[in-house]
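Shown next, in structure tokens, is the structure this report addresses.
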Amino acid sequence: MRLKRSVCALLAVGVAAGATAVGAGTAGAGGGGAPTVKIILLAETTGESPAAVPYYANGAQLAADELGSRVEYSRIAAPLTPAAAETALNQALDEDPDAIIGFPASSQTIAISQRIVDSGIPFFSLSSGEQLVKNGPNGGDNIFLIRPVDTNVATKEAEYVVDDLDAKRIGMLCVDNATGVNGCNAAREVFDAARGVEIVAERTNSTTATDLTEQARAMDGADAIIDFNFPNPIGVFAQQLIDNGIDVPHVDGASAGIAVASGAVTGDAAVNLRGVDDCVPTVSKSRKVRNWVSDYEGVSGGEPPIYSAAQAYDMVKLIAAAARQAESVAPRRLIRTIAGMTYNGICARYQSDDLNVLQHTADLTRWNAEGEIRVAKRFRFAPNELAGVVPETTIPPTTVAPAPPPS
Amino acid sequence: MSTFVALTASGLAAGAIAALAAVGFLLTYKATGVVNFAQGDLITLGAYIAIWVTQKEGMFGLGALDLVPGYIVTVLIMFAIGMVLERLAYAPLRGRSIHVIVITTLGAALVLRAFIGLWQGTTPKFLDSPLRGEVVGIAGANISQQRVLIVVVTIVVVSATIALFAFTQFGRQLRATANDRDTAKLCGVPVNWLSMLAFGLSAALAGVAGILLAPLGSVDLTLGFNFMLLGFAAAVLGGFGSIGGVVVGGVAIGLVEHLFGGYVGRDFKAMYPFILMLLIIALRPQGLFTRGSVQRL
């Protein structure tokens, strides 16, 4: 009897302790211990820019909804031109934010990077131009790159072509802007350094090309093709390769997924194509990610998320977690905390390196003939990996768990 | 040889789309004296409307149409849009300086593009075709049947337009209006109605171009812009005179870009049509196929 009473007493104490813990957690999560952090997203959701997509806004809004009073979130439309982007940034700075997430295009961020650096406010770049790394010509202590650096991804793609596909004769197609030029330059270095590898054809195309017959036929004899391009030309090129009997692996970047998703690439063209995305939440086996995909589709009207939605979501959560850890939203403390923390998000495990790059993985994707996607390989980028840039400081990392939603 | 054939086919297909755009330019120019720079965005709009009527729930949730009926409905919708465009963007400015009206058509182009972006978003889409993925072998070259279709449909459409000009009352009235709008009006030609019809036909041609072009790749907001420029260059080559002239201009533009550009200075091939246009403006400003003198620029 006494034993029974003791067990009951212990249980009661346990329940009470649990309730207290939950209560304390709720208080902390709900704003008792953590300061409210003001976050502004600079991104368009509608307009004629290809960067005007709903993913960033949906992802960030979902995170803000989950965090409730711990964040004060708003979005300012930031058109693609640098002048319009600067206006959007000025609008944002007028609102005195604690952190800014913004600018899907490198051209926007690079053009006004000095203004961003001068503001001192933590800025999370949605674009991944190498110029924006901490010690780069347009970088700064307060600019963090969410995504892996473009040229690092291009280098990994080229290494995949040489090492995994074992291609000796390679065809290259480069769109005639920074995406194509930087990508092809990085890939060419890998091919030039590889023994027995020959570039059999190198061609360019415009972003609006609707006929790439000459480029496709020039690839005849290649074992594999590497392509740094935009979605529309990828659709044209992939199909014209098949039309012209060139049935070899065709490796591209993030635009490949958009081209396949649009329906422009199917059948053998889709099977041959490889893309690289920062992550592919829709095929993740993780329960946490699957639940998040379901939540996202609830706010997006059923449209599945892509990496950019997950990254925007993760950044809002990461900033809130940093504010909680720092117990402050003062810019210097936030920056220092973010630079030293690790955050396990939906898209990736984020950890700032000395270049202020947060994500160090990307997924090589493939499709079947019906356009269903799968992750074929994960690329991992060593911290501080960027030729020619010398890291400035090293801060020992600490790990922060994702913040739970408020009860 | 097979490369030559493949590049010729590409040049003819691109030239055919440019010719459709150029004939659209010519129609509005003949009826109103206005070069409608919204023609490129009308091509884009045509592609998006075809996607709208043939995919998912179809237009207004009425169900997706099969491809060919969907294409026909698209052309009809585009015809109506052209007439509305004339009422909104041209009619209120009739009698004003031609420069004002031309700038207005550019404004209309921007409005159209913004509308498409708001309506359909900016994520690339795809329009299917009955000939998707099919190729035909000619002299060792595999030519996409869609490109063959582009050439064939353009020949049919342009022939029908020439017949419309040559053998119908509409054509005679349009030619009379082109010669002297005021005299035509005094003779009882309904120039306002004619102007609406010309804009409608021009937009319908843009719709045909969009439907033919879209299945070659993805559809985005810039789909038609480049072909508007090529169409304008083709119209300049043809001297904004006869339909035959601008069609030849279109074919020349396509062949210069793809055939000449396929062998010489490949990285600069997008420039060649416009170099040709500048040469024609400098050396023969009335165009290749227009007789008589015109003012030099």
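Quick mapping for you: the protein sequence lines, in order, are chains A and B. Just so we're aligned: 901 in this note's numbering is position 255 of the first sequence, and the numbers increase by one with no gaps anywhere. Just so we're aligned: 47 in this note's numbering is position 46 of the second sequence, and the numbers increase by one with no gaps anywhere. Just so it is clear, CB atoms sit at the ideal spot from N, CA and C, and this is done for glycine as well.
Original post:
Apart from the five residues on each side of it in sequence, which residues of its chain come closer than 7 Å, Cβ to Cβ, to residue 324 of chain B?
Top reply: Since the first residue of chain B shown is 2 and the last is 298, residue 324 of chain B is not available in this structure.
First and last residue of the uninterrupted beta strand (DSSP E) at residue 683 of chain A | The residue labelled residue 683 of chain A in the question sits at position 37 within the first sequence. Unbroken beta strand (DSSP E) run through residue 683 of chain A: 683-688.
Within the 8 Å Cβ cut-off, does residue 1002 of chain A reach chain B? Locating residue 1002 of chain A in the first sequence gives position 356, where the first residue counts as 1. With 8 Å as the cut-off, residue 1002 of chain A does not count as an interface residue toward chain B.
By alpha-carbon positions, which one of B/41, B/134, B/153 ends up nearest to residue 204 of chain B? The sequence position of residue 204 of chain B within the second sequence is 203, counting from 1. With respect to the C-alpha of residue 204 of chain B, the residue from B/41, B/134, B/153 having the closest C-alpha is B/41.
Kindly list, in the order they appear in chain B, the residues whose Cβ is closer than 7 Å to that of residue 852 of chain A. Counted from its first residue, the first sequence places residue 852 of chain A at position 206. By Cβ distance, chain B contributes 271.
Q. Under 8 Å between C-beta atoms, does residue 831 of chain A make it to chain B?
A. For the purposes of this step, residue 831 of chain A is taken as the residue at position 185 of the first sequence. At least 8 Å separates the CB of residue 831 of chain A from every CB of chain B.
Check: Just the Cα atoms here: how many angstroms apart are residue 995 of chain A and residue 973 of chain A?
Finding: Position 349 of the first sequence, counted from the start, is the residue given in the question as residue 995 of chain A. Position 327 of the first sequence, counted from the start, is the residue given in the question as residue 973 of chain A. Near 22 Å, if we compare the C-alpha coordinates of residue 973 of chain A and residue 995 of chain A.
- Query: By the 10 Å Cβ neighbour count, where 16 or more other Cβ atoms means buried, how is residue 1014 of chain A classified, buried or exposed?
  - Reply: Here residue 1014 of chain A corresponds to residue number 368 of the first sequence, with the count starting at 1. Exposed.
request  = With residue 26 of chain B as the anchor, note down where its alpha helix (DSSP H) starts and where it stops.
outcome  = As a working note, residue 26 of chain B is residue 25 in the second sequence. For residue 26 of chain B, the enclosing alpha helix (DSSP H) has its first and last residue at 3-33.
Original post:
Using the beta-carbon of each residue, which ones in chain A are nearer than 8 Å to residue 136 of chain B?
Top reply: As a position in the second sequence, residue 136 of chain B is number 135, starting the count at 1. Close partners of residue 136 of chain B in chain A (Cβ separation under 8 Å): 889.
Worksheet entry | Assumed close pair residue 851 of chain A, residue 861 of chain A - CB separation to whole angstroms, cut-off 8 Å | Within the first sequence, residue 851 of chain A is the residue found at index 205, counting from 1. Within the first sequence, residue 861 of chain A is the residue found at index 215, counting from 1. With a contact defined as Cβ atoms closer than 8 Å, residue 851 of chain A and residue 861 of chain A qualify at about 6 Å.
Original post:
Is the beta carbon of residue 123 of chain B less than 8 Å from the beta carbon of residue 221 of chain B?
Top reply: Translated into positions along the second sequence, residue 123 of chain B becomes position 122. Translated into positions along the second sequence, residue 221 of chain B becomes position 220. Note that the C-beta distance between residue 123 of chain B and residue 221 of chain B is below 8 Å.
Tell me the DSSP secondary structure of residue 890 of chain A in three-state form. Stepping through the first sequence from its first residue, residue 890 of chain A is reached at position 244. Residue 890 of chain A: coil per DSSP, three-state reduction.
Q | Proximity below 8 Å, CB of residue 144 of chain B to CB of residue 7 of chain B | A | Here residue 144 of chain B is taken as the residue at index 143 of the second sequence, counted from 1. Here residue 7 of chain B is taken as the residue at index 6 of the second sequence, counted from 1. In this structure, residue 7 of chain B lies closer than 8 Å to residue 144 of chain B by Cβ.
**Pairwise C-alpha distance: residue 34 of chain B and residue 799 of chain A** = Position 153 of the first sequence, counting from 1, holds the residue named residue 799 of chain A. Position 33 of the second sequence, counting from 1, holds the residue named residue 34 of chain B. Cα to Cα, residue 799 of chain A sits roughly 53 Å from residue 34 of chain B.
I want to see whether chain D comes within less than 8 Å of residue 66 of chain B, judged by CB atoms only; does it?
Reference to chain D is not applicable here, since the protein chains of this structure are A and B.
- Item | Rounded C-alpha distance that separates residue 669 of chain A from residue 728 of chain A | Position 23 of the first sequence, counted from the first residue, corresponds to residue 669 of chain A. Position 82 of the first sequence, counted from the first residue, corresponds to residue 728 of chain A. Only weak support exists for where residue 669 of chain A lies, its pLDDT of 35 falling under 50; the coordinates are left without a value.
TODO: Could you tell me whether any Cβ in chain A is nearer than 8 Å to the Cβ of residue 1 of chain B?
DONE: A question about residue 1 of chain B goes unanswered here, because the residues of chain B that appear run from 2 up to 298.
> What first and last residue would you give for the beta strand (DSSP E) that runs through residue 763 of chain A?
Replying inline: Counting from one through the first sequence, the residue named residue 763 of chain A turns up at place 117. Residue 763 of chain A -> not in any beta strand (DSSP E); alpha helix (DSSP H) instead, spanning 759-765.
- Message: Could you check whether residue 200 of chain B and residue 58 of chain B sit closer than 8 Å to each other, using their CB atoms as the reference points?
- Response: Within the second sequence, the letter at position 57 stands for residue 58 of chain B. Within the second sequence, the letter at position 199 stands for residue 200 of chain B. The answer is no: Cβ separation not under 8 Å.
Practice item. Using a cut-off of 9 Å between C-beta atoms, extract the partners of residue 860 of chain A located in chain B. Key: In the first sequence, the residue the question calls residue 860 of chain A occupies position 214. Ordered by position in chain B, the residues that pass the 9 Å Cβ test against residue 860 of chain A are 4, 7, 8, 11, 259, 262, 263, 264, 267, 270.
- Message: In whole angstroms, give me the CA-to-CA distance for residue 215 of chain B and residue 39 of chain B.
- Response: Walking along the second sequence from the start, residue 215 of chain B turns up at place 214. Walking along the second sequence from the start, residue 39 of chain B turns up at place 38. Distance from the CA of residue 215 of chain B to the CA of residue 39 of chain B, rounded to the nearest whole angstrom, comes to 18 Å.
State yes or no: is the C-beta of residue 1078 of chain A within less than 8 Å of the C-beta of residue 905 of chain A?
This structure leaves residue 1078 of chain A out entirely; chain A is present only between 647 and 1053.
3-residue-minimum beta strand (DSSP E) runs that sit fully inside the region 964-1016 of chain A, ordered along the chain = Taken in chain order, the complete beta strand (DSSP E) segments of 3 or more residues contained in the region 964-1016 of chain A are 987-990, 995-997, 1007-1013.
- In terms of residue numbering, what span does the alpha helix (DSSP H) encompassing residue 942 of chain A cover? In the first sequence, residue 942 of chain A corresponds to position 296, counting from 1. Residues 933-945.
_So, at 6 Å on beta carbons, what are the nonlocal neighbours of residue 958 of chain A in its own chain, with the 5 sequence-adjacent residues on each side left out?_
To locate residue 958 of chain A, count along the first sequence from 1; it is residue 312. Same-chain partners within the cutoff: 702, 705, 706.
Quick check on residue 197 of chain B: does DSSP put it in helix, strand or coil? Start at 1 with the first residue of the second sequence, and residue 197 of chain B comes out as number 196. In this structure, residue 197 of chain B counts as helix in the three-state DSSP scheme.
Q. Comparing the C-beta of residue 904 of chain A with each C-beta of chain B, is any distance below 8 Å?
A. Counting from one through the first sequence, the residue named residue 904 of chain A turns up at place 258. At least one chain B Cβ lies under 8 Å of residue 904 of chain A.
What is the DSSP secondary structure of residue 673 of chain A, reduced to helix, strand or coil?
Working through the first sequence from its first residue, we reach residue 673 of chain A at position 27. Because the pLDDT at residue 673 of chain A is just 34, under 50, the model does not fix this residue reliably, and the value given afterwards should be weighed accordingly. Residue 673 of chain A: helix per DSSP, three-state reduction.
Determine the chain A residues that contact residue 14 of chain B at a beta-carbon separation under 8 Å, and present them in chain order. Counting from one through the second sequence, the residue named residue 14 of chain B turns up at place 13. Listed by position along chain A, the residues whose Cβ is nearer than 8 Å to that of residue 14 of chain B are 857.
| message | Just to confirm, is the Cβ distance from residue 259 of chain B to residue 857 of chain A under 8 Å? | response | Position 258 of the second sequence, counted from the first residue, corresponds to residue 259 of chain B. Position 211 of the first sequence, counted from the first residue, corresponds to residue 857 of chain A. At a Cβ-Cβ threshold of 8 Å, residue 259 of chain B and residue 857 of chain A count as neighbours.
is_contact[residue 31 of chain B, chain A] using C-beta, thresh 8 Å: In the second sequence, the residue the question calls residue 31 of chain B occupies position 30. Not an interface residue.
- Query: Quick check: the region 12-23 of chain B against the region 227-238 of chain B, are there 3 or more CB pairs under 8 Å?
  - Reply: Contact holds: three or more Cβ-Cβ distances are below 8 Å.
*asked:* Strictly below 8 Å CB to CB, what residues from chain A border residue 127 of chain B?
replied: Stepping through the second sequence from its first residue, residue 127 of chain B is reached at position 126. Under a criterion of Cβ atoms nearer than 8 Å, the residues of chain A adjacent to residue 127 of chain B are, in order, 881, 908, 909, 910.
task = Can you give me the Cβ contacts of residue 110 of chain B inside the same chain, cut-off strictly under 6 Å, excluding the 5 residues immediately before and after it?
result = Within the second sequence, numbered from 1, the residue matching residue 110 of chain B stands at position 109. Excluding positions up to five away in sequence, the list reads 38, 39, 42.
Practice problem: Note the first and the last residue of the continuous alpha helix (DSSP H) segment covering residue 148 of chain B. | Solution: In the second sequence, the residue the question calls residue 148 of chain B occupies position 147. Looking at the DSSP string, the run of the alpha helix (DSSP H) that includes residue 148 of chain B is 146-168.
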